[in-house]
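Chemist:
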Amino acid sequence: MHDYKSEVDTRLVLPKMSKVVMLNDDYTTQDFVVSVLKDVFDKNTSEATNIMLEIHNNGRGICGIYTYDIAQTKANIAIQKSRQAGFPLRIIVEEE
0 MHDYKSEVDT RLVLPKMSKV VMLNDDYTTQ DFVVSVLKDV FDKNTSEATN IMLEIHNNGR
60 GICGIYTYDI AQTKANIAIQ KSRQAGFPLR IIVEEE
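Once you know that position 76 of the sequence shown is 75 in numbering that gives the first Met the number 0, the rest is easy, because the numbers rise by one and skip nothing.
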């Protein structure tokens, strides 16, 4: 019999993370933005209100940080909800 030793690389490679960023516009209501942040991004009322104010005051706000696939899915769901409600809400996904 042969006595072979082998080493296996067991390091995990963590997926890259992505930010979901909501952009300000002059048409989407603040109440709708808070609603989307709560429904799609699982924020409580206080968190959603703070993010909405950041978007309103700074032109953009981070909705959350997720793996790319989840970030893209959440962004698409939020955009679809906004179109159904008649709002031009813009959301982008950026690498972390």
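Idealized CB from N, CA, C, for every residue including glycine.
Which one of 8, 6 and 17 has the shortest CA to CA distance from residue 94?
Modeler: Numbered from its first residue, the sequence shown carries residue 94 at position 95. Nearest of 8, 6 and 17 to residue 94, Cα basis: 17.
Chemist: Using DSSP with H/G/I as helix, E/B as strand and the rest coil, what is residue 20?
Modeler: Position 21 of the sequence shown holds residue 20. Residue 20 falls in the strand class under three-state DSSP.
Chemist: For residue 63, write down the residues that DSSP places opposite it in a beta bridge.
Modeler: If you number the sequence shown from 1, residue 63 lands on position 64. 19, per the DSSP bridge assignment.
Chemist: If contact is defined by three or more beta carbon pairs under 8 Å, each pair taking one atom from either stretch, is the region 27 to 38 in contact with the region 66 to 83?
Modeler: Yes, since at least three Cβ pairs between the region 66 to 83 and the region 27 to 38 fall closer than 8 Å, the two stretches touch.
Chemist: Fully enclosed by the region 24 to 83, which alpha helix (DSSP H) runs are 4 residues long or longer?
Modeler: For the region 24 to 83, whole alpha helix (DSSP H) runs of length 4 or above, ordered along the chain, are 29 to 38, 44 to 57 and 67 to 83.
Chemist: Buried or exposed, going by whether 16 or more other CB atoms sit within 10 Å of the CB of residue 22?
Modeler: If you number the sequence shown from 1, residue 22 lands on position 23. Residue 22 comes out exposed.
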